[in-house]
Amino acid sequence: MKKILFSLLAVATLIGCGKNDDNGSDSANLLVKKITEKDEDGNLKEVITLTYQGGRPVSFSEANYENGVQTGTTVITNISYEGNFVKRIKVENAGRDNYVQNFTYKDGKIVTKTEKYESDYRTYTYQYSYTGNQLKSVLRSHPITIYVNGGTQSGTYYREKQFTYSGNTVIVVTTQYEKDLNGAVVTNTSYSYGTDTTTYTLSDGNVMKVVESDPNSINEYTYDTKRNPLHYITNFVDSDPTSFLDADSGKHNILTYKNTHEHNGTKDETLSTFEYTYNANGYPTVVKQYKEKGNGAREFQGTKEYEY
Numbered sequence: 067m068k069k070i071l072f073s074l075l076a077v078a079t080l081i082g083c084g085k086n087d088d089n090g091s092d093s094a095n096l097l098v099k100k101i102t103e104k105d106e107d108g109n110l111k112e113v114i115t116l117t118y119q120g121g122r123p124v125s126f127s128e129a130n131y132e133n134g135v136q137t138g139t140t141v142i143t144n145i146s147y148e149g150n151f152v153k154r155i156k157v158e159n160a161g162r163d164n165y166v167q168n169f170t171y172k173d174g175k176i177v178t179k180t181e182k183y184e185s186d187y188r189t190y191t192y193q194y195s196y197t198g199n200q201l202k203s204v205l206r207s208h209p210i211t212i213y214v215n216g217g218t219q220s221g222t223y224y225r226e227k228q229f230t231y232s233g234n235t236v237i238v239v240t241t242q243y244e245k246d247l248n249g250a251v252v253t254n255t256s257y258s259y260g261t262d263t264t265t266y267t268l269s270d271g272n273v274m275k276v277v278e279s280d281p282n283s284i285n286e287y288t289y290d291t292k293r294n295p296l297h298y299i300t301n302f303v304d305s306d307p308t309s310f311l312d313a314d315s316g317k318h319n320i321l322t323y324k325n326t327h328e329h330n331g332t333k334d335e336t337l338s339t340f341e342y343t344y345n346a347n348g349y350p351t352v353v354k355q356y357k358e359k360g361n362g363a364r365e366f367q368g369t370k371e372y373e374y
């Protein structure tokens, strides 16, 4: 599990979290222009700079650092729109990780996404289906070479997520499988796929608890009552309909994150806490992260600074 709030900000997180809901505050929606992450010694770790047009992000840059010295080139992401819909995302200067995403929509909801990396001959396709306004399934596929009975053949790999809703709980069942050129499921491949179940508990636009079957772990969160700046980027249609299950993208800011992991009968727990400084509008400007060590002791992990 990534360190909450201090992980690298994926494209989907930055551009896929815009919502038109409100937390009851009359504060104006502020746009994040710069995010600076520093380690426990105050050295730069990452700097993200965002550019907006008409209140929506059109590009952002990401520079990573080690001991305060930039590593690699600055990665540039450009976002194209058609009306209020994200139609294309292009990531450059990332070397082998350069890629382009294209989106199609129906009835105001995303139905397909294609993803093509420069270093990979494959095109990754995502298909989304809905029941009313609720996300029902996400099917990810890409061409592969299948190894069967000592031989090889062309085929397609699938990862399917099915979403079930009950009150404030969302259950996501993930199934992986392969098909041959005739569309038949292949069972005697060199790799055995399983089925994983993840249960999310939601409250007031926040993810409170995540229970995963593989690995066997539980993630629990508490929040403040202030606005999460990445949640309130508006003026465009969400290009990631699964972002409501991302704790980093909730309405409020994470105060504590507890992970309980069990393996071979041994249980391991980690607890991270976050302290915030807010501006007059109630948005965080500085976040300090700590790792709880027990007996009241804690270890400072670093800071994240927001500019608006």
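So my numbering is basically just the index in the sequence shown, starting at one, shifted up by 66.
C-beta atoms are modelled at their ideal positions from N, C-alpha and C, and glycine is treated no differently.
Skipping 5 residues on each side, what residues in its chain have a beta carbon closer than 8 angstroms to that of residue i?
i, result
"K381", "There is no way to answer for residue 381, as the model of the chain reaches only from 67 to 374."
"N272", "Y287, Y289, A313, G316, K317 and H318"
"I212", "T218, Q219, S220, G221, E244, D246, V252 and T255"
"R162", "Y183, E184 and S185"
In the structure shown, what three-state DSSP assignment does residue i receive?
i, result
"D107", "coil"
"D262", "strand"
"Y311", "Looking at the sequence provided, one finds Leu at residue 311 rather than Tyr. Three-state DSSP puts L311 in a helix."
"G217", "strand"
"G233", "coil"
"D246", "strand"
"R122", "strand"
"G198", "coil"
"P281", "coil"
What are the partner residues of residue i, as DSSP defines its beta bridges?
i, result
"A129", "V113"
"T288", "T322"
"T334", "Correcting the residue identity first, residue 334 is Asp in this sequence and not Thr. BP columns for D334 point to H327."
"L268", "V273"
"G161", "Note: G161 sits in no beta bridge, so no partner."
"V352", "T343 and E371"
"Y224", "S207 and Y243"
With distances taken between CB atoms, is the gap from residue i to residue j smaller than 8 angstroms?
i, j, result
"G316", "H329", "no"
"T19", "T261", "No information on residue 19 is available, as it lies outside the stretch 67 to 374 that the chain covers here."
"K189", "K182", "Here residue 189 turns out to be Thr, not Lys, going by the sequence shown. In this structure, K182 lies closer than 8 angstroms to T189 by Cβ."
"N130", "E112", "yes"
"T115", "K104", "no"
"V166", "V303", "no"
"L97", "G121", "yes"
Within the same chain, show all residues whose beta-carbon is closer than 6 angstroms to that of residue i, passing over the 5 residues directly before and after it, in chain order.
i, result
"E371", "T102 and V352"
"I284", "V277 and T326"
"E341", "K354"
"E128", "I114 and V141"
"E373", "K99 and K100"
"N282", "E328"
"N144", "S125 and K156"
"V238", "K227, F229 and T264"
"D173", "none"
Leaving out five residues on either side along the sequence, give the residues of the same chain with a beta carbon under 7 angstroms from the beta carbon of residue i.
i, result
"V204", "Y192, Y194, K227 and T308"
"N133", "N109"
"N234", "T267, L268 and S269"
"Y196", "K175 and K202"
Please name the residue in the options whose C-alpha comes closest to that of residue i.
i, options, result
"Q355", "T332, L321 and V98", "L321"
"E148", "V236, N168, Y374 and R206", "N168"
"V214", "L247, V238, Y183 and S185", "L247"
"S338", "N347, Y374, N294 and G368", "G368"
"E106", "E373, Y374 and E365", "E365"
"R206", "V238, Q242 and D186", "Q242"
"K275", "E184, P295 and F310", "F310"
"P123", "I155, P350, T139 and S185", "I155"
"R293", "T343, Q119, G161 and S232", "T343"
"T137", "T291, A160, T265 and T170", "A160"
Against chain C, does residue i count as a neighbour if the rule is that its beta carbon must be under 8 angstroms from one of theirs?
i, result
"T230", "In the displayed structure, chain C is absent; only one protein chain is listed."
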